[in-house]
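Just below is one structure, and these are the notes that go with it.
There are 2 protein chains.
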Amino acid sequence: MKAVGIVVEYNPFHNGHAYHLQQSRQISDADIVIAVMSGQFLQRGEPALLPKWQRAKMALSAGVDIVIELPYQFATQKADTFAFGAVSLLSQIGASILCFGSESGEIEHFYHTLQFLKNNKEKYEERIKLNMAQGMSYPSATSSAFLELDPSEKIIDLSKPNNILGFQYVKAINDLGINMRPITIPRTKAGYHDERFSSETIASATSIRKSLFTTGGSLSEINSYIPNTTAAILDDYYRTYKQFQRWENYWPFLKYRLLHASGTELRNIYEVEEGLENRVIEAALAANSFKDFMSIVKTKRYTWTRLQRMCTHILTNTTFDEMNEIMKEANYIRLLGMNDNGRKYLNQWKKHASIPLVSKLSSYHGDDIKLDIRASRVYALGAKEEMTQELLQMEYKQPPFYMTN
Amino acid sequence: MKAVGIVVEYNPFHNGHAYHLQQSRQISDADIVIAVMSGQFLQRGEPALLPKWQRAKMALSAGVDIVIELPYQFATQKADTFAFGAVSLLSQIGASILCFGSESGEIEHFYHTLQFLKNNKEKYEERIKLNMAQGMSYPSATSSAFLELDPSEKIIDLSKPNNILGFQYVKAINDLGINMRPITIPRTKAGYHDERFSSETIASATSIRKSLFTTGGSLSEINSYIPNTTAAILDDYYRTYKQFQRWENYWPFLKYRLLHASGTELRNIYEVEEGLENRVIEAALAANSFKDFMSIVKTKRYTWTRLQRMCTHILTNTTFDEMNEIMKEANYIRLLGMNDNGRKYLNQWKKHASIPLVSKLSSYHGDDIKLDIRASRVYALGAKEEMTQELLQMEYKQPPFYMTN
Numbered sequence: 001m002k003a004v005g006i007v008v009e010y011n012p013f014h015n016g017h018a019y020h021l022q023q024s025r026q027i028s029d030a031d032i033v034i035a036v037m038s039g040q041f042l043q044r045g046e047p048a049l050l051p052k053w054q055r056a057k058m059a060l061s062a063g064v065d066i067v068i069e070l071p072y073q074f075a076t077q078k079a080d081t082f083a084f085g086a087v088s089l090l091s092q093i094g095a096s097i098l099c100f101g102s103e104s105g106e107i108e109h110f111y112h113t114l115q116f117l118k119n120n121k122e123k124y125e126e127r128i129k130l131n132m133a134q135g136m137s138y139p140s141a142t143s144s145a146f147l148e149l150d151p152s153e154k155i156i157d158l159s160k161p162n163n164i165l166g167f168q169y170v171k172a173i174n175d176l177g178i179n180m181r182p183i184t185i186p187r188t189k190a191g192y193h194d195e196r197f198s199s200e201t202i203a204s205a206t207s208i209r210k211s212l213f214t215t216g217g218s219l220s221e222i223n224s225y226i227p228n229t230t231a232a233i234l235d236d237y238y239r240t241y242k243q244f245q246r247w248e249n250y251w252p253f254l255k256y257r258l259l260h261a262s263g264t265e266l267r268n269i270y271e272v273e274e275g276l277e278n279r280v281i282e283a284a285l286a287a288n289s290f291k292d293f294m295s296i297v298k299t300k301r302y303t304w305t306r307l308q309r310m311c312t313h314i315l316t317n318t319t320f321d322e323m324n325e326i327m328k329e330a331n332y333i334r335l336l337g338m339n340d341n342g343r344k345y346l347n348q349w350k351k352h353a354s355i356p357l358v359s360k361l362s363s364y365h366g367d368d369i370k371l372d373i374r375a376s377r378v379y380a381l382g383a384k385e386e387m388t389q390e391l392l393q394m395e396y397k398q399p400p401f402y403m404t405n
Numbered sequence: 001m002k003a004v005g006i007v008v009e010y011n012p013f014h015n016g017h018a019y020h021l022q023q024s025r026q027i028s029d030a031d032i033v034i035a036v037m038s039g040q041f042l043q044r045g046e047p048a049l050l051p052k053w054q055r056a057k058m059a060l061s062a063g064v065d066i067v068i069e070l071p072y073q074f075a076t077q078k079a080d081t082f083a084f085g086a087v088s089l090l091s092q093i094g095a096s097i098l099c100f101g102s103e104s105g106e107i108e109h110f111y112h113t114l115q116f117l118k119n120n121k122e123k124y125e126e127r128i129k130l131n132m133a134q135g136m137s138y139p140s141a142t143s144s145a146f147l148e149l150d151p152s153e154k155i156i157d158l159s160k161p162n163n164i165l166g167f168q169y170v171k172a173i174n175d176l177g178i179n180m181r182p183i184t185i186p187r188t189k190a191g192y193h194d195e196r197f198s199s200e201t202i203a204s205a206t207s208i209r210k211s212l213f214t215t216g217g218s219l220s221e222i223n224s225y226i227p228n229t230t231a232a233i234l235d236d237y238y239r240t241y242k243q244f245q246r247w248e249n250y251w252p253f254l255k256y257r258l259l260h261a262s263g264t265e266l267r268n269i270y271e272v273e274e275g276l277e278n279r280v281i282e283a284a285l286a287a288n289s290f291k292d293f294m295s296i297v298k299t300k301r302y303t304w305t306r307l308q309r310m311c312t313h314i315l316t317n318t319t320f321d322e323m324n325e326i327m328k329e330a331n332y333i334r335l336l337g338m339n340d341n342g343r344k345y346l347n348q349w350k351k352h353a354s355i356p357l358v359s360k361l362s363s364y365h366g367d368d369i370k371l372d373i374r375a376s377r378v379y380a381l382g383a384k385e386e387m388t389q390e391l392l393q394m395e396y397k398q399p400p401f402y403m404t405n
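Sequences listed follow chains L and D, in order.
Residue numbers for the first sequence, in full-length UniProt numbering: 1 to 405.
Residue numbers for the second sequence, in full-length UniProt numbering: 1 to 405.
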């Protein structure tokens, strides 16, 4: 069975994702779509709107065959580590094709850019340093360096978020020396070029989340941008848990942590650079909300995303040492859900699998899963107090979703 | 000016405290009453009902002349360290008499017990070990050891909480070799023997707090047990802060801490004995409330108070190392309030004081005050979210209360 892999967050699953899913299957001509999906915390350093279990169910309902978890040590990282983790897991689980959306939409341009980088590594890195010294953020510095060194139209614009990720996917495939074919579909054009997805049916996940928060969980504004299956799952979650998760729910805990931890403890946290520890403590003393806090901490030197990721690691108490120990490779694959096809595929795959497939937490004892467990524990505390225990227990008791055809 | 010292928590100040205060002044014939009062966390390992500032105001309103803070490193300890800290601070601030309430009520019996202990140290300690091996708690084992070794009526009953404290005060005075005269007044008899304080006007602080919590802050049940000044301060605090502080307000933070901290981090916390760290983590995973949590953690081996103190140190992230570094002596005196007489006394005292009097936090830079600051920060987080900042700022901005006569 031929499998295509996709890398997703589904926060939440919307019509744009449905298009990506359908195109991935069609262009790759694969029998199986495998999604590697971030767990409770996401790449922008945010808690997911709803838990990984509910988001896996959205994916399966929309036709994904297998959903596996992208572990915390990859899911909450900048593009290179994120991509490395996702690609190596998809490779481990046997995906021979990777399909991603990008602003560029031309896979040849990704190869060209990668080749160009190989040939001009030193010049390129010098230029990035120079750009950053002039006050640019890392993504802007990277993007500018490329444009300055090769003004041909075949260099992709690395200031665009999905191009950055795509580039890192292609690079990871190259670095790992694996036999995986990357394909890309144009992302921003989806809404305009396809009859079935007009601008009346496509909205970004960001705007969907914003609507959910401002309307207090009402779906009326967003119903046309999400499949019915997503709507049902969102509705069910909100009825049970009375809220969606967001940073403000975790603010009291982040504040508490910053007010009791010592400078030394904070300096050991992943992504807390020297000097930042005092800055975040002072900000925590002064701030009334997470938004307040972030605007006090923010400087030109760090992107908002970079700081949010740091806050996530402070919140989950993820140290530099433990992150470095386990982010080199994925030693397990956590299964979040599958359908009949997915099950058939996995039964075949298991015969020659080289890393364990974790369906139940109690059946895996590797120390490398501890960050996922801790992330789920902390994530549960952001629920309304009366629902915390239920969310907490989910990490231990929820079996992978199984969806019959 | 002759000063008598008293050791208090005033949680909250009630008629029994008023009696103790009046008797202390009368029996000692002192010009000045100085109270050393626990800060935000108390000897039983609990957050105080209301902040130290409001409790200091209660004390001044009732006639105490000077209120100073018993630092966290003494206030949250078992009787010996608690007493050592309180007595040495009172000695530093020039109190020549110490007046405490006790179940015994006979100061001679405290001396007799202390002398007896000196002469029979080895036998006594052996007996305690034996008793504890048989499953007794430390206080019971101590009390039994005494009774077994000297059945004379001059040995005080050290299973009674105020006798234990009193004994440790007398012992601390003796150990420090200071010139301070201890006097005691019978505590439980106060309600029965004095006309002005019948059982209709005396209730324990515990029952007063219980009433405040069960009635949702109403004073009608407790008005006859507290002075009007206390009633006004309680009423004002509840109107502003919408609650009184108690462990359940801190439970989400304790739970969060137990779910993110590593075993190693917890083992470094003061009073977390080896093996307890896993027990508390498992209990935190299962419990829905602080009460739940405590009943899961509780074993015969540890008293409820001992475990609550441990929880307080976990909550405030107080390590074994930092506690041991600063609990040997008090290097500062933090002033919480005074009246005219108190001010006159302090102006005299300052001329030959050997440790600094801290009126403003910004004027003292010793590292040894950090536990008080951290305790106040964490204490503030237990307030309703909209009141957290106000309570937090109090630690930095509140000057000592000054009450004119």
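Note that CB positions come from ideal geometry on N, CA and C, so glycine has one too.
Out of curiosity, what's the CA-to-CA distance linking L/V36 and L/S363? 21 angstroms
Interface partners of D/K121 on chain L, CB under 7 angstroms: The premise fails here: D/K121 is roughly 39 angstroms from chain L at the closest Cβ pair, so nothing lies under 7 angstroms.
Any chance the segment 67 to 79 of chain L sits against the segment 330 to 342 of chain L, with 3 or more Cβ pairs inside 8 angstroms? By the criterion of at least three beta-carbon pairs nearer than 8 angstroms, the segment 67 to 79 of chain L is in contact with the segment 330 to 342 of chain L.
List the residues of chain L whose Cβ lies closer than 9 angstroms to the Cβ of D/A261, in chain order. N317
Straight-line CA distance for D/F197 to D/S24? Reliability fails at D/F197, whose pLDDT of 43 lies under 50, so the model's placement of it is uncertain and no value is given.
Residues bridged to L/S24 (per DSSP): Paired residues: none, contrary to the question.
Using CA coordinates, which residue listed in L/D80, L/S38, L/H313 and L/N278 is at the minimum distance from L/L254? L/H313
Does L/S38 come out as helix, strand or coil in the three-state DSSP assignment? strand
With 16 other Cβ atoms within 10 Å as the buried cut-off, status of D/T240: Taking a 10 Å sphere around the C-beta of D/T240, we find fewer than 16 other C-beta atoms and assign the residue as exposed.
Neighbour flag for D/Q389 against chain L, beta carbons, 9 angstroms: yes
Using only CA atoms, which one of D/L42, D/V8, D/H14 and D/Q26 lies nearest to D/S376? D/L42
Pair within 9 angstroms by beta-carbon distance, D/W53 and D/F401: yes
State buried or exposed for D/D65, treating a residue as buried only when at least 16 other CB atoms are found within 10 Å of its CB. buried
Is the separation between the beta-carbon of D/Y138 and that of D/T318 shorter than 9 angstroms? no
Flag D/Y256 as yes if its beta-carbon sits less than 9 angstroms from any beta-carbon of chain L, otherwise no. Closer than 9 angstroms: yes.
Where L/N339 falls: helix, strand or coil (DSSP): Secondary structure of L/N339 (DSSP, three-state): strand.
In whole angstroms, what is the alpha-carbon distance linking residue 446 of chain D and D/G39? Only positions 1 to 405 of chain D appear in this structure, which leaves residue 446 of chain D out of reach.
Within the 9 angstroms Cβ cut-off, does D/M394 reach chain L? No, because no Cβ of chain L sits closer than 9 angstroms to the Cβ of D/M394.
How should L/S144 be labelled, buried or exposed, when 16 other C-beta atoms within 10 angstroms of its C-beta is the threshold for buried? Buried, because 16 or more other Cβ atoms sit within 10 Å of the Cβ of L/S144.
Would you check if there are 3 or more beta carbon pairs closer than 8 angstroms linking the segment 25 to 32 of chain L to the segment 372 to 391 of chain L? Not touching, per the Cβ criterion.
By Cβ distance below 6 angstroms, which residues in the same chain neighbour D/H193 in space, the five residues on each side in sequence not counted? Confidence is the limiting factor: at D/H193 the pLDDT is only 39, short of 50, which leaves the residue's position unreliable, though a coordinate-based value still follows. Excluding residues within five positions, none has a Cβ falling inside 6 angstroms.
What's the C-alpha gap between L/G166 and L/I185? 10 angstroms
Residues near D/V7 in its chain [Cβ-Cβ closer than 6 angstroms; skip 5 each side]: V36 and A86
L/Y396, buried or exposed, once every other Cβ within 10 Å from all chains shown has been counted against 16: exposed
Taking any Cβ of chain D, which residues in the segment 366 to 382 of chain L have a Cβ under 7 angstroms from it, in chain order? Taken in chain order, the members of the segment 366 to 382 of chain L whose beta-carbon sits within less than 7 angstroms of a beta-carbon on chain D are R374, R377, V378 and L381.
Since D/W247 contacts D/E46 with CB under 8 angstroms, what's their CB separation in whole angstroms? 6 angstroms
To the nearest angstrom, report how far apart D/L149 and L/L266 are at their CA atoms. Those two C-alpha atoms are separated by around 53 angstroms.
By Cβ distance below 6 angstroms, which residues in the same chain neighbour L/G101 in space, the five residues on each side in sequence not counted? H20, N162, I185 and R187
Contact set between D/A361 and chain L, taken where Cβ atoms lie within less than 9 angstroms: Rather than Ala, the amino acid found at residue 361 of chain D in this sequence is Leu. Chain-order list of chain L residues neighbouring D/L361: empty, with the shortest C-beta distance near 12 angstroms, by a criterion of under 9 angstroms.
Are D/L98 and D/M180 touching if we call contact CB-CB under 9 angstroms? yes
Based on the DSSP output, what are the partners of L/S102 in its beta bridges? Per DSSP, L/P186.
If you measure between the beta carbons of D/S96 and D/K2, is that distance less than 9 angstroms? Remark: C-beta atoms of D/S96 and D/K2 approach each other more closely than 9 angstroms.
Please name the residue in L/R55, L/S28 and L/Y256 whose C-alpha comes closest to that of L/A231. The residue with the shortest Cα to Cα distance from L/A231 is L/R55.
Using a Cβ cut-off of 9 angstroms (strictly closer), state whether L/P252 contacts chain A. Of the chains in the structure shown, none is chain A; the protein chains are L and D.
Identify the residues that DSSP records as bridge partners of L/I314: which are they? Paired residue(s): none; L/I314 is not in a bridge.
Near D/L391, which residues of its chain fall below 6 angstroms by C-beta distance, leaving aside the five closest residues on each side in sequence? A380 and A383
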